[in-house]
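Number of protein chains: 2
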Amino acid sequence: MAVDPEHVLRAAAALLTRKSTATMDEVARAAGISRATLHRHFAGRDALVRALEALGIAECEAALDAARLDEGTASEAVRRLVGAVEPAAGLLAFLYTENQLFEGEEQHAGWAQIDDRISALFRRGQLSGEFRIDLTPAWLTEALYGLLASGAWLVQSGKGAPKDFQHMIVELLLGGALRREEP
Amino acid sequence: MAVDPEHVLRAAAALLTRKSTATMDEVARAAGISRATLHRHFAGRDALVRALEALGIAECEAALDAARLDEGTASEAVRRLVGAVEPAAGLLAFLYTENQLFEGEEQHAGWAQIDDRISALFRRGQLSGEFRIDLTPAWLTEALYGLLASGAWLVQSGKGAPKDFQHMIVELLLGGALRREEP
DNA sequence: CCCGAGTGAGACATCCGTGTCTCATCTGCG
DNA sequence: CGCAGATGAGACACGGATGTCTCACTCGGG
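Which chain is which? The protein sequence lines are A and B, in order. Just so we're aligned, residue 175 is where the first sequence starts under the numbering used here, counting upward by one. Just so we're aligned, residue 175 is where the second sequence starts under the numbering used here, counting upward by one.
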């Protein structure tokens with residue numbers, strides 16, 4: 175029975191999201207295949223992570239496309255983006271921390287492109303007067319990543335409901351914790 | 175010459191913050207001692223991480239004390255807290271990700287206590303009408319952790335200035351990205 | 001001065017994950 | 001039915017990190 179590489183990647187993502195140090199053997203088990211077969215499809219752990227990275231980037235790009243960042247207000251676009259990226263949040267959180275230990279090596283060019291698209295969204299909001307200008311687009315982008323990871327972690331640990339994911343992140347990112355008189 | 179365990183811990187924290195997979199040998203080198211001596215003070219890598227955890231908790235508690243969370247408005251307390259915790263942000267970011275792979279094992283009770291103190295601060299802000307009530311204290315606490323990690327990462331990667339650390343985090347956490355007419 | 005605690009350097013065994021290989025089994029297709 | 005390709009199970013060697021041990025050196029106090 176032919177193995178579906180896509181399915182293997184999904185299983186690997188789901189496992190590594192929870193246990194980033196999982197063994198190749200554990201990944202194989204999680205995917206329901208043997209270690210040998212896993213190795214036939216992905217040369218090694220490195221190749222597997224690279225493939226996951228490519229998957230994460232692809233999902234990110236898809237979410238960016240689906241969110242139509244150029245349409246409507248920047249706030250609406252941010253809300254759509256968070257909603258669209260939610261299913262991939264766990265995988266992204268894994269890759270986010272994984273990337274940080276690539277130290278010397280150059281990171282995948284795809285990330286820079288994603289950074290640019292998100293930064294451009296925040297910049298658009300600033301230029302339209304919608305967002306404050308004392309917080310740099312780079313920081314807002316990084317903060318979005320951090321909040322996505324925190325949100326994914328909160329949901330995964332059971333301390334938050336999945337249905338609140340989008341609301342929690344968008345409201346905090348855009349509105350902040352302070353109470354307002356006026357919307 | 176007697177080795178100062180405190181100094182060793184500081185060096186280990188500084189290194190592991192940047193490279194979380196650093197070897198015992200690398201840690202020893204970073205601390206300016208031999209691997210044998212490192213092993214005499216910390217039974218193994220596990221013991222070293224536990225000691226770092228204790229250090230991180232202690233610094234967190236110290237920051238919580240220094241921030242005097244019960245005085246003034248909750249906003250002011252949050253600002254003081256972020257400022258006080260900044261020096262330990264790197265270490266905390268390391269422990270934050272490290273804790274997630276403790277999976278089955280019970281995590282150090284100290285973290286729960288810290289969570290409680292921070293959650294209590296946000297709850298105080300909500301009760302006083304200062305903070306909005308549609309975001310749970312648990313989420314605000316988790317979000318603070320995420321923003322601290324993102325901020326530390328931004329500064330460490332050179333994409334942000336250390337002097338902006340406190341402002342970036344506090345302003346985003348409390349005020350959000352939206353521009354306001356009124357302070 | 002001498003002694004002992006503490007340290008550095010290195011050897012050594014061990015464990016764990018990895019990568020490769022072989023062989024038996026199974027499945028789908030002609 | 002029979003074959004070819006794919007899979008599962010396991011053995012095996014390799015490398016890296018770890019933990020332990022020994023031995024020589026040094027520094028500081030009695």
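All C-beta atoms, glycine included, are put in the ideal place defined by N, C-alpha and C. Note that the structure is a prediction, hence the values are computed from the model and not measured.
Excluding sequence positions up to five away, which residues of its chain have a Cβ less than 6 Å from the Cβ of residue i?
{"i": "residue 182 (chain B)", "result": "205"}
{"i": "residue 195 (chain A)", "result": "none"}
{"i": "residue 364 (chain B)", "result": "Residue 364 (chain B) falls outside the range modelled here, since chain B spans only 175 to 357, and no answer is possible."}
{"i": "residue 180 (chain A)", "result": "none"}
{"i": "residue 307 (chain A)", "result": "300"}
{"i": "residue 233 (chain A)", "result": "262"}
{"i": "residue 287 (chain B)", "result": "none"}
{"i": "residue 311 (chain B)", "result": "293, 296 and 297"}
Quick one: residues in its chain with C-beta nearer than 7 Å to the C-beta of residue i, no 5 flanking neighbours on either side, listed in chain order?
{"i": "residue 315 (chain A)", "result": "289, 292, 293 and 296"}
{"i": "residue 321 (chain A)", "result": "343, 346 and 347"}
{"i": "residue 336 (chain A)", "result": "329"}
{"i": "residue 284 (chain B)", "result": "231"}
{"i": "residue 177 (chain B)", "result": "207, 211 and 215"}
{"i": "residue 281 (chain A)", "result": "273"}
{"i": "residue 305 (chain A)", "result": "248, 296 and 299"}
{"i": "residue 198 (chain B)", "result": "209, 212 and 219"}
{"i": "residue 319 (chain A)", "result": "270"}
{"i": "residue 223 (chain A)", "result": "272"}
{"i": "residue 338 (chain B)", "result": "none"}
With residue i as the anchor, note down where its alpha helix (DSSP H) starts and where it stops.
{"i": "residue 297 (chain A)", "result": "283-301"}
{"i": "residue 305 (chain A)", "result": "Element bounds for residue 305 (chain A): n/a, residue is neither H nor E."}
{"i": "residue 204 (chain A)", "result": "198-205"}
{"i": "residue 211 (chain A)", "result": "209-215"}
Kindly indicate which three-state DSSP category residue i falls into: helix, strand or coil?
{"i": "residue 265 (chain A)", "result": "helix"}
{"i": "residue 352 (chain B)", "result": "strand"}
{"i": "residue 178 (chain B)", "result": "coil"}
{"i": "residue 320 (chain B)", "result": "helix"}
{"i": "residue 326 (chain B)", "result": "helix"}
{"i": "residue 244 (chain B)", "result": "coil"}
{"i": "residue 335 (chain A)", "result": "coil"}
{"i": "residue 249 (chain A)", "result": "helix"}
{"i": "residue 195 (chain B)", "result": "coil"}
{"i": "residue 309 (chain B)", "result": "coil"}
{"i": "residue 280 (chain B)", "result": "coil"}
{"i": "residue 218 (chain B)", "result": "coil"}
{"i": "residue 357 (chain B)", "result": "Here residue 357 (chain B) scores only 49 on pLDDT, less than 50, and its place in the model is too uncertain to base an answer on."}
Can you list, in chain order, the residues of its chain whose CB lies under 8 Å from that of residue i, leaving out five sequence neighbours each side?
{"i": "residue 340 (chain B)", "result": "253, 256, 257 and 260"}
{"i": "residue 193 (chain B)", "result": "200"}
{"i": "residue 240 (chain B)", "result": "254 and 258"}
{"i": "residue 188 (chain A)", "result": "204 and 264"}
{"i": "residue 184 (chain A)", "result": "none"}
{"i": "residue 245 (chain A)", "result": "251"}
How close, in whole Å, do the beta carbons of residue i and residue j come, if the pair is a contact with beta carbons under 8 Å?
{"i": "residue 201 (chain B)", "j": "residue 225 (chain B)", "result": "With a Cβ gap of about 12 Å, residue 201 (chain B) and residue 225 (chain B) do not count as contacting."}
{"i": "residue 190 (chain B)", "j": "residue 268 (chain B)", "result": "5 Å"}
{"i": "residue 334 (chain B)", "j": "residue 327 (chain A)", "result": "Contact doesn't hold; Cβ gap of about 23 Å is too wide."}
{"i": "residue 237 (chain A)", "j": "residue 262 (chain A)", "result": "7 Å"}
{"i": "residue 266 (chain B)", "j": "residue 299 (chain B)", "result": "Rounded, the Cβ-Cβ distance is 22 Å, inconsistent with contact."}
{"i": "residue 324 (chain B)", "j": "residue 317 (chain A)", "result": "5 Å"}
{"i": "residue 350 (chain A)", "j": "residue 349 (chain B)", "result": "4 Å"}
{"i": "residue 271 (chain B)", "j": "residue 211 (chain A)", "result": "Between residue 211 (chain A) and residue 271 (chain B) the Cβ distance is about 30 Å, and since that is not below 8 Å, they are no contact."}
Using 8 Å as the cut-off, can you tell me whether the stretch 211-220 of chain A makes contact with the stretch 235-255 of chain A, which would need three or more C-beta pairs spanning the two stretches below that distance?
no
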